[in-house]
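Novice:
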Amino acid sequence: KNIQTDDGSFTVSDVPSGSYVLEISSPTYRFQPVRVDITTTGKMRACVVNYIKTSEVIRLPYPLQMRCVGLHSYFIPRETWGWSDFLNPMVLMMVLPLLIILLLPKVFNPSDPEMRQEMEQSMNMLNSNQELPDVSELMTKFFSPPKSHGKTGGGVRGHRGGAPAFSL
4 KNIQTDDGSF TVSDVPSGSY VLEISSPTYR FQPVRVDITT TGKMRACVVN
54 YIKTSEVIRL PYPLQMRCVG LHSYFIPRET WGWSDFLNPM VLMMVLPLLI
104 ILLLPKVFNP SDPEMRQEME QSMNMLNSNQ ELPDVSELMT KFFSPPKSHG
154 KTGGGVRGHR GGAPAFSL
């Protein structure tokens, strides 16, 4: 029978020989587990449980005093904003074109006569090539239904009646 005293201490009696791990479960505080070895002659030895270096033995004095190691942290703190967030590809795809739109007119000054002459020459080169098909014409031809070259027998064009006229 184990009874806890007012100062928080307690005694465990009539424990058979063997090796035991003493752990304190608390929802708010963390405690380090302690291994207690009891021999057949009744001698007791307490050591800190070390899961990383199992060969390392750190003895603890009697009576055992379990000290709080820290508080449990059940939640991950929210990430804060940082400058490295600008390296996100979605942000780069939004910011770089905006910078180009804002900075390109400053770099190329249209009031400069040499620059204006170069721009007019490049525009004239593009407009002088009339053999190149227009993109809108290509798309219209590609998506429009094919034209039938045969004569249809029936006056579908000027038909004004109740039932629609079809020709096969």
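The sequence shown runs 4 to 171 under our numbering. For every residue, glycine included, the Cβ atom is placed at its ideal position computed from N, Cα and C. Here the structure is a predicted model, which means the values were calculated and not measured.
Suppose the cutoff is 8 Å on Cβ atoms and the five residues either side in sequence are ignored; what does the same chain contact list for Pro-19 look like?
Specialist: Residue mapping note: residue 19 aligns to position 16 of the sequence shown, counting from 1. These residues qualify, in order along the chain: Ile-41.
Novice: Closer than 6 Å by C-beta to Arg-48: which residues in its own chain qualify, once you throw out the five before and the five after it? Chain order, please.
Specialist: As a first step, residue 48 must be located in the sequence shown, where it is residue number 45. The residues are Asp-40.
Novice: Is the separation between the beta-carbon of Val-51 and that of Gln-35 shorter than 8 Å?
Specialist: For the purposes of this step, residue 51 is identified with residue 48 of the sequence shown, where counting begins at 1. For the purposes of this step, residue 35 is identified with residue 32 of the sequence shown, where counting begins at 1. Result yes, Cβ atoms of Val-51 and Gln-35 sit closer than 8 Å.
Novice: Indicate whether Leu-74 and Val-37 have their beta-carbon atoms separated by less than 8 Å.
Specialist: For the purposes of this step, residue 74 is identified with residue 71 of the sequence shown, where counting begins at 1. For the purposes of this step, residue 37 is identified with residue 34 of the sequence shown, where counting begins at 1. Against a cut-off of 8 Å, the Cβ pair of Val-37 and Leu-74 comes out as no contact.
Novice: For Leu-101 and Gln-124, what's the separation of their Cα atoms in angstroms?
Specialist: Residue 101 sits at position 98 when you count from the first residue of the sequence shown. Residue 124 sits at position 121 when you count from the first residue of the sequence shown. Rounded to whole angstroms, Leu-101 to Gln-124 spans 27 Å at the Cα level.
Novice: Taking the straight line between their C-alpha atoms, what separation do you get for Gly-85 and Val-72?
Specialist: Here residue 85 is taken as the residue at index 82 of the sequence shown, counted from 1. Here residue 72 is taken as the residue at index 69 of the sequence shown, counted from 1. Taking the straight line from one Cα to the other gives about 32 Å.
Novice: Along the chain, where does the beta strand (DSSP E) containing Val-15 start, and where does it finish?
Specialist: The residue labelled residue 15 in the question sits at position 12 within the sequence shown. Taken as a continuous stretch (DSSP letters only), Val-15 belongs to no beta strand (DSSP E), as it is neither H nor E.
Novice: Quick check on Ser-22: does DSSP put it in helix, strand or coil?
Specialist: The count along the sequence shown starts at 1 and reaches residue 22 at position 19. If DSSP states are grouped into helix, strand and coil, Ser-22 belongs with the strands.
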